[in-house]
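Under the working numbering, the first residue of the sequence shown carries the number 11, and numbering increases by one thereafter. The structure appears below as structure tokens.
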Amino acid sequence: MTSRMEYRWLLPSVLLGEGEGERPARRSTRDWIVDTALFLSACGLAIASAPDIAGKPRAYIIAEQVLGALACAAVWLRRRWPVTLALVTSLLGSVFTLLGGAGVVALFTVAVHRPFKIAGPVVAFFLLSAIPYVHLWPDPDLGVWGMFLLIAALTMMIFAWGIVVRARRQLVISLRARASAAAEEARQLERERIAREMHDVLAHRISILSLHAGALEYTPGAPPEQIQRAASAIRTSAHQALQDLREVIGVLRQAPEDARPERPQPTLADLPALVEESRQAGMDVALDLVEPAPSAPPPPEALGRNAYRIVQEALTNARKHARGAPVTVRVAGAPGEGLTVEVANPVPAAHRRQAVSEIPGAGTGLIGLAERAKLAGGRLDHHRADGGAFVLRAWLPWS
Numbered sequence: 011m012t013s014r015m016e017y018r019w020l021l022p023s024v025l026l027g028e029g030e031g032e033r034p035a036r037r038s039t040r041d042w043i044v045d046t047a048l049f050l051s052a053c054g055l056a057i058a059s060a061p062d063i064a065g066k067p068r069a070y071i072i073a074e075q076v077l078g079a080l081a082c083a084a085v086w087l088r089r090r091w092p093v094t095l096a097l098v099t100s101l102l103g104s105v106f107t108l109l110g111g112a113g114v115v116a117l118f119t120v121a122v123h124r125p126f127k128i129a130g131p132v133v134a135f136f137l138l139s140a141i142p143y144v145h146l147w148p149d150p151d152l153g154v155w156g157m158f159l160l161i162a163a164l165t166m167m168i169f170a171w172g173i174v175v176r177a178r179r180q181l182v183i184s185l186r187a188r189a190s191a192a193a194e195e196a197r198q199l200e201r202e203r204i205a206r207e208m209h210d211v212l213a214h215r216i217s218i219l220s221l222h223a224g225a226l227e228y229t230p231g232a233p234p235e236q237i238q239r240a241a242s243a244i245r246t247s248a249h250q251a252l253q254d255l256r257e258v259i260g261v262l263r264q265a266p267e268d269a270r271p272e273r274p275q276p277t278l279a280d281l282p283a284l285v286e287e288s289r290q291a292g293m294d295v296a297l298d299l300v301e302p303a304p305s306a307p308p309p310p311e312a313l314g315r316n317a318y319r320i321v322q323e324a325l326t327n328a329r330k331h332a333r334g335a336p337v338t339v340r341v342a343g344a345p346g347e348g349l350t351v352e353v354a355n356p357v358p359a360a361h362r363r364q365a366v367s368e369i370p371g372a373g374t375g376l377i378g379l380a381e382r383a384k385l386a387g388g389r390l391d392h393h394r395a396d397g398g399a400f401v402l403r404a405w406l407p408w409s
């Protein structure tokens, strides 16, 4: 659920999701208020400067009034052409007085909406254009250079103010981008988690179903009781696979506000049932589950779930790639030492490898297990032992 932004009218358009592209963003309510205030300020400065042109030639006064009015009207275009407005008002302001207010507004706009590589030369041009003005119309009290220093100080103050406003806006945009990236990363991690759960659960169910179906295919003359048991196992595995798939799809379809607690996750106590299910599918599995000391606290649920999934995927791989080979599962650990999961099975001969790998796979099972162990703070490795057995070993922290 996306929260509605409050007080949108107090934010500029650039902070409402509309970037500073080549075309200007549509003005927000705040932009209209600010533009109106700046327009009135430019007009007010022009009116306040009107007494300074008294006594000058009539043609010059008319030019001042016309250009001053046009400059104040051009303030409404400051968002579209800020640099052009600043350069034109600076150039004309080196001779005419009434353009000062519009020039100040244009300079502030450049500082807010343009990077320093553009705004820096503009403010330098603004200061240079003030030199002929102070020589043409020097102040009798301050003198030429005193007046220039006053104009320079006011210019730098306005420019610094604009830079601060720009920096604050960029900070907000940066924080928003980080939040968006974090949300996208969280969604990606959740998708990967669901994908791992989907792979671990469905691969296990479907591999068992394939084993039972293969038994029916290669023993067509089996007794009716055996065929019935195999068909019942296929039916049960198919129903369980559909149920698991339905639950995963249900999680994907849930909106955040409708989220419900997930189904109970497996723990270490469910390992014997998992091994027994594999035995009923025809696998030769030996389980060595070393219980911790009675005084030790029970293992955390996340630890038990991760260990269960690792054993489940290891048995699935054994069914795919070493059908008929005996599998040994050993789980041992204690608080402070961590939990070790080891699954070993003989590697089939090269001439049998093609025959036993009839169950298709995505090739991501071991990758998913390594990711699961890493996310839990542990590690996982797999190798071929000296005796020719394939060994998968995982260590998970148990605080």
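Don't be surprised by glycine CBs; every beta carbon is placed ideally from N, CA and C.
DSSP places Glu311 inside the alpha helix (DSSP H), whose first and last residues are 311-331.
Beta-bridge pairing by DSSP links Ala342 to Thr350. Inclusion of Val144 and Phe169 in the CB contact set at 7 angstroms is not warranted, their separation being larger than that value.
Secondary structure of Trp405 (DSSP, three-state): strand. DSSP places Pro356 within a strand segment (E or B) once states are collapsed to three. Between Gly172 and Val122 the beta-carbon gap is near 5 angstroms, inside 8 angstroms, which marks them as a contact. A distance of 7 angstroms or more separates the beta carbons of Ala140 and Ala112. Here Lys127 is exposed. Its C-beta has fewer than 16 other C-beta atoms within 10 Å.
Nearest Cα to Leu77 within the set Arg68, Leu102, Pro345: Leu102. In this structure, Asn316 is the residue among Glu381, Met208, Asn316 with its C-alpha nearest to the C-alpha of Leu349. Take Val285, set aside five residues on each side of it, and the residues of its chain with a beta-carbon closer than 7 angstroms to its own are Val295, Leu297, Val339, in chain order. Asp391 sits in a strand when the DSSP states are folded into three classes.
In the DSSP assignment, Leu278 falls outside any alpha helix (DSSP H) and carries neither an H nor an E. In the three-state scheme derived from DSSP, where H, G and I count as helix and E and B as strand, Leu284 is classed as helix.
For Thr277, the CB contacts under 8 angstroms within the same chain, skipping 5 residues up- and downstream, are Pro309, Glu311, Gly314, Arg315, Tyr318 in chain order. Per DSSP, reduced to three states, the secondary structure at Ala303 is coil, with no helix or strand assignment. The beta-carbon separation of Val351 and Val321, rounded to 6 angstroms, stays under the 8 angstroms limit for a contact. Secondary structure note for Lys66: it is in no alpha helix (DSSP H), with a DSSP letter that is neither H nor E. With a contact defined as Cβ atoms closer than 8 angstroms, Ala344 and Ala303 qualify at about 7 angstroms. Here DSSP, grouped into helix, strand and coil, assigns Val182 to helix.
Beta-bridge pairing by DSSP links Val295 to Val337. Note that the C-beta distance between Ala399 and Pro356 is below 7 angstroms. Within the same chain, Ile63, Phe106, Thr107, Leu108 come within 7 angstroms of Glu74 by CB-CB distance, once the 5 residues on both sides are set aside. Look at Asp45 here: in three-state DSSP terms it is helix.
Here Val114 is actually not in contact with Pro92; their C-beta atoms are around 13 angstroms apart, not less than 8 angstroms.
If you check the CB distance, Ala328 and Val341 do not come in under 7 angstroms. The beta carbon of Pro142 is closer than 6 angstroms to those of Ser104 in its chain, skipping five residues each way along the sequence. For Ala96, the uninterrupted alpha helix (DSSP H) segment begins and ends at 92-103. Burial of Val85 is indicated by the presence of at least 16 other C-beta atoms within 10 angstroms of its C-beta. Apart from sequence neighbours up to five positions away, the residues of its chain that approach Gly110 with a beta-carbon distance below 7 angstroms are Leu55, Ser59, Gly103, ordered along the chain. Pairing Thr246 with Ser184, the inter-Cα distance amounts to about 53 angstroms. Taking C-beta atoms as the reference points, Phe136 and Leu152 fail to come closer than 7 angstroms. The continuous stretches of alpha helix (DSSP H) do not include Thr107, and DSSP gives it neither H nor E. Per DSSP, Val85 lies in no alpha helix (DSSP H) and is assigned neither H nor E.
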